[in-house]
Ligand code: DX5
Ligand code: ZN
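Numbering (this note's numbering), first residue to last: 4 to 218.
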């Protein structure tokens with residue numbers, strides 16, 4: 004079984020000590036970057052200047068999660084900055100297929116994010132084109148929220164669908180992930196676990212990352 008990847012979400016890090024924080028989280032498999040516009044979600048996070056700095060300070064792959072109403076406008080700037088994985092919310096884009104192709108054409112892995120209440124059936128046509136699906140397990144906008152339990156069943160259903168169709172699409176779960184629910188998420192089929200507060204509020208980030216992976 005391939006190892007579960009941990010994406011450390013910098014949203015909860017101490018931005019005043021960015022270099023130290025990124026070093027301390029160096030055993031993660033990738034860094035998750037939550038880009039928020041204050042429209043799709045009721046919060047603002049950070050933009051390109053900070054992503055540029057993160058790229059300079061860390062060798063880890065960058066996984067950007069767009070929570071913006073105009074995701075197409077971010078494809079070229081984020082590709083130019085060296086982002087490796089890019090997901091957008093299906094709720095925000097009329098021309099989903101075209102945007103997925105544009106992301107791939109720029110050499111990035113393409114993902115679609117779904118809010119907790121959005122059914123996975125909406126992905127039926129596009130699933131074979133996707134490198135990954137990001138299943139939100141909190142309502143997007145803030146770190147530190149509680150995991151919504153019914154998302155576990157969405158992970159299971161999506162996994163069985165992916166296996167049935169013999170696809171290589173990965174499942175990323177984002178929101179409220181901690182060492183109490185990570186094992187259940189992994190056995191349900193999650194390939195990538197995102198964590199912000201659970202990692203950055205812990206005393207030893209590498210230990211916490213290990214416990215999320217389950218070893
Ligand atoms: C929420 C973001 C998440 C957030 C997760 O809108 O998409 O990536 O950083 O934070 P935790 O792990 O604290 O729930
Ligand atoms: Zn996220």
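Don't be surprised by glycine CBs; every beta carbon is placed ideally from N, CA and C.
Query, Result
"Residue 8 in three-state terms, based on DSSP", "strand"
"From 63, 52 and 130, residue whose alpha carbon lies closest to that of residue 1", "Nothing can be reported for residue 1, as the shown portion of the chain is limited to 4 through 218."
"Through-space distance from residue 128 to residue 19, alpha-carbon basis", "43 Å"
"Cβ-based neighbour list, residue 106, same chain, cut-off 7 Å, excluding 5 preceding and 5 following", "78, 89 and 113"
"Contacts around residue 193, its chain only, beta-carbon distance under 6 Å, and the 5 residues preceding and following it disregarded", "158, 174 and 176"
"Closest Cα partner of residue 151 within the set 87, 145, 206 and 179", "179"
"Beta-carbon proximity list for residue 14, same chain, < 7 Å, skipping 5 on both sides", "37, 48, 146 and 199"
"Pair within 8 Å by beta-carbon distance, residue 196 and residue 67", "no"
"Contact test: residue 143 Cβ vs the ligand ATP heavy atom, cutoff 7 Å", "Of the ligands one can find in the structure shown, namely the ligand DX5 and the ligand ZN, none is the ligand ATP."
"C-beta atoms of residue 111 and residue 92 nearer than 8 Å", "no"
"Distance, residue 130 Cα to residue 136 Cα", "8 Å"
"Those runs of the alpha helix (DSSP H) which lie wholly inside the region 44–124 and span at least 4 residues", "51–60, 78–84 and 99–108"
"beta-carbon residue 12 near the ligand ZN non-hydrogen atom, thresh 7 Å", "yes"
"Beta carbon nearer than 5 Å to a non-hydrogen atom of the ligand ZN", "37, 68 and 177"
"Three-state secondary structure assigned by DSSP to residue 205", "coil"
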